[in-house]
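Contents: one structure, followed by commentary.
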Amino acid sequence: MGNPMKIRAAVKDGVTEVKILMQHEMETGLRKDADGTLVPAWFITEVKAQYQGRTVLETQFGQSISKNPYLLFRFKGGAAGEKITVSWVDNKGDTRSDEVTIAA
Amino acid sequence: MNMEINLQRRKALKTGGGVGLLALFGALGLLQSGVAFAEWNKTAFSAKTMDDALNALGVIVPENGAASIQLTVPEIAENGAVVPVTVASTLADVEQITIFVDKNPSVLAANFTLPQGTEAYITTRVKMGQTANVIALVKAGGKFYRTSKEVKVTAGGCGG
Amino acid sequence: MNNSNVIKLIPLLVLATSCAATAAESEISDSDRIAQYREMISDGNPADFDEMRGEALWKTVAGPKQASLEKCDLGKGAGVVKGVYTELPRYFKDTGKVQDLESRLLTCMTTLQGIPEEEIAAKPFASEKKASDISSLATYVVGQSKGIKMAVSTKHPQAKEAYEIGKRIFNYRAGPYDFACSTCHATSNVRIRMQDLPNLNVRKDAQAAYANWPAYRVSQGLTRSFQWRLNDCFRQQRFPEPKFASEATVALTMFLAVSANGGEYAGPGLKR
């Protein structure tokens, strides 16, 4: 299981803004380490955000996303105290899911 | 023990066996977390040119989106490892936002599917190997729109 | 200074002068663009993860003595972390020494947890392959001073002495390049490549520089501690590497911290 994400969500004027910071190396597969050995590709391929069982964002990532990926999006609705779940999967099949409570 | 599994997975990936593993997960459409993911678009994400990437995404000829897409990138990135990109659009019924970096080894960086109710406003961070164009593609009402902006990538100051 | 040193110095002076000229003449807008870039990435700092790791370590029982660090006194009493960084380095009665955050954490880890000093000092900095506990602990503690003004005291005679020694180290020219910290950090409006170099003799510059360390270094993908920052400065000057948490590094930190007094602490920062 991957390392925890840091998720913040806040609702304002009927729109919920979600900010996600994921912990992941996001190796391109093109980088060489200090010994000159090629570091194998290892990156998050998909991220999904759900609000009350409904998908609010579906993401596919490639090798060009920065280490410790950052994601910000907004959706209509949401109320303080409600929960949002964010899940990712990487190219090795590892996954992580975290939950956040929407702040006012 | 986890370590061992990881190593084996790395090896499997190197030899191409990892693809099988992924395909298996993909076929099941379900992972340990219980969340179902769509199939990752390997062809599009492996594309080396914009044409190939657009083809793989089923884009015919995108219209000029200079006026309808708000692409925000820094003019200069102090470090190509982290380049912030925000794509927003004033178009109605935006269903998809896609980000490319035209000079990266694989040009497609991210593809977002926006269900109804999700606003056309996305921020993420991409890696850029060199000064290049960041390209934003927006699908709205079944049509594709495209715009781009150049980001200059500079070398850092003292040491690493 | 002997002749060979003079010869070595000439190209450096030429370089420094041309650098200064470039910065003054044009491209002021490039600095603005860099500032714009920094602003755009300021939200979502991966240093948060190191803070989380440090917080867990602070509260976790560890070492031969099976203790957490929750009784560690960083200057404001046992277990207090809020705001402590803005008053460090400071003189500590129990050790009879002036200590910065990292040397004080070292004291707590050895005395409370019984972890041998050599073991901690052997891995004082994070690397690509392995995180450093003391470094993560420092990240956690500094995060508890965010938004608080720097107020480092030199009232105690030893603190005053450390400040004076630190000032001398800052201006001390030596090494194969005849360099000092002040070679790069005591002149305004100069830069290396795209980076403006802070003039640490100017309070505003010193405050801004100090406020953002420790920091997550994008180019390294790691959160870097203040002791690491100093170490790397010495490396770049081609000085011998200072000993982790040594008196010299604490004294230099004292000088820099006092120079930043009055500035609001903003770390952990996010750097290129």
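Protein chains in written order, with my numbering: chain V, 2 to 105; chain E, 5 to 164; chain P, 1177 to 1448.
Ideal placement from N, C-alpha and C gives every residue a C-beta, glycine not left out.
{"Asked": "Measuring straight from C-alpha to C-alpha, what distance separates I139 of chain E and T90 of chain E?", "Found": "11 Å"}
{"Asked": "What residue range does the beta strand (DSSP E) around S1401 of chain P cover?", "Found": "Run containing S1401 of chain P: none; DSSP gives neither H nor E here."}
{"Asked": "Can you give the Cα-Cα distance for G94 of chain V and A1424 of chain P, rounded to whole angstroms?", "Found": "49 Å"}
{"Asked": "Could you check what DSSP says for V155 of chain E in three-state terms: helix, strand or coil?", "Found": "strand"}
{"Asked": "Residues of chain E with a CB under 8 Å from the CB of G15 of chain V: which are they?", "Found": "Those do not exist, as G15 of chain V stays about 11 Å from chain E at its closest Cβ, beyond 8 Å."}
{"Asked": "R75 of chain V: beta carbon under 7 Å from a heavy atom of the ligand GDP?", "Found": "This structure simply doesn't include the ligand GDP, nor any ligand for that matter."}
{"Asked": "Can you find the residues in the same chain that come closer than 6 Å, C-beta to C-beta, to L26 of chain E, ignoring five residues on each side of it along the sequence?", "Found": "Low local confidence applies: a pLDDT of 46 at L26 of chain E is under 50, so the model's placement there is unreliable, and no value is given."}
{"Asked": "Closer than 7 Å, Cβ to any Cβ of chain E: which residues of the stretch 1216-1234 of chain P, in chain order?", "Found": "M1216, I1217"}
{"Asked": "So, helix, strand or coil for W1234 of chain P, using DSSP?", "Found": "helix"}
{"Asked": "Does any residue of chain P have a CB that is nearer than 8 Å to the CB of K33 of chain V?", "Found": "no"}
{"Asked": "Tell me whether F29 of chain E is buried or exposed, calling it buried when 16 or more other Cβ atoms sit within 10 Å of its Cβ.", "Found": "Note that F29 of chain E has pLDDT 47, beneath the 50 cutoff, so the model's placement of it is unreliable and the number below is only indicative. Buried, by the Cβ-count rule."}
{"Asked": "Cβ of A96 of chain E within 8 Å of Cβ of G63 of chain V?", "Found": "no"}
{"Asked": "Would you please state the rounded distance, in angstroms, between the beta carbons of E123 of chain E and R75 of chain V? I believe it to be under 8 Å.", "Found": "4 Å"}
{"Asked": "Hey, quick one: how far does the alpha helix (DSSP H) through F1346 of chain P stretch, first residue to last?", "Found": "1333-1347"}
{"Asked": "For A144 of chain E, collect the residues of the same chain with a Cβ closer than 6 Å to its Cβ; drop the 5 residues on either side in sequence, then sort them by chain order.", "Found": "L95, D97, V98"}
{"Asked": "Quick test of your reading: L1391 of chain P and A1223 of chain P, contact by CB under 8 Å. State the CB separation rounded to the nearest angstrom.", "Found": "Correcting the residue identity first, residue 1391 of chain P is Ala in this sequence and not Leu. That pair is a contact at about 7 Å."}
{"Asked": "What are the partner residues of F1268 of chain P, as DSSP defines its beta bridges?", "Found": "P:K1273"}
{"Asked": "Skipping 5 residues on each side, what residues in its chain have a beta carbon closer than 8 Å to that of Q1320 of chain P?", "Found": "V1257, K1258, G1259, V1260, Y1261"}
{"Asked": "In the DSSP output, what is N68 of chain E paired with across the bridge?", "Found": "E:R150"}
{"Asked": "Which residues in chain V sit within 7 Å of G1397 of chain P, going by Cβ to Cβ distance?", "Found": "K68"}
{"Asked": "Would A1196 of chain P count as contacting chain E if we go by Cβ distances under 8 Å?", "Found": "Unreliable positioning characterises A1196 of chain P in this predicted model, as indicated by a pLDDT of 42, which lies under 50. The coordinate reading is nonetheless provided below. No, A1196 of chain P lies away from the interface with chain E (no Cβ there is under 8 Å from its Cβ)."}
{"Asked": "For chain E, is any of its Cβ atoms less than 8 Å away from the one on R1379 of chain P?", "Found": "no"}
{"Asked": "Looking at the unbroken beta strand (DSSP E) that takes in Y1392 of chain P, where does it start and where does it end?", "Found": "1391-1393"}
{"Asked": "Determine, using beta carbons only, whether P1390 of chain P comes closer than 8 Å to chain E.", "Found": "no"}
{"Asked": "Which one or two residues does DSSP pair with P88 of chain E in a beta bridge?", "Found": "E:R129"}
{"Asked": "At least one CB of chain P closer than 8 Å to the CB of Q64 of chain V: is that the case?", "Found": "no"}
{"Asked": "Leaving out the 5 sequence neighbours to the left and right, which residues in its chain are closer than 6 Å to F1449 of chain P when beta-carbon positions are compared?", "Found": "Limits of chain P in this structure are 1177 at one end and 1448 at the other, which puts residue 1449 of chain P out of reach."}
{"Asked": "Here's a check: name, in chain order, each residue in its chain whose Cβ is nearer than 7 Å to the Cβ of K7 of chain V, leaving out the five neighbours to either side.", "Found": "L22"}
{"Asked": "Listing by chain order, which chain E residues have their CB less than 7 Å from the CB of V1366 of chain P?", "Found": "The premise fails here: V1366 of chain P is roughly 11 Å from chain E at the closest Cβ pair, so nothing lies under 7 Å."}
{"Asked": "Let me know the secondary structure DSSP gives D1249 of chain P once reduced to three states.", "Found": "strand"}
{"Asked": "Is it true that the CB of Q1275 of chain P sits closer than 8 Å to the CB of T1286 of chain P?", "Found": "no"}
{"Asked": "Using a Cβ-Cβ cutoff of 7 Å, what residues of the stretch 136-157 of chain E are near chain V? List them in chain order.", "Found": "none"}
{"Asked": "Are the C-beta atoms of T56 of chain V and some chain E residue less than 8 Å apart?", "Found": "yes"}
{"Asked": "Is the number of C-beta pairs between the stretch 1299-1306 of chain P and the stretch 1316-1330 of chain P that are closer than 8 Å three or more?", "Found": "no"}
{"Asked": "Could you tell me whether any Cβ in chain E is nearer than 8 Å to the Cβ of R75 of chain V?", "Found": "yes"}
{"Asked": "Which bits of chain E does Q1212 of chain P rub up against, with CB to CB less than 9 Å?", "Found": "P78, E79, I80"}
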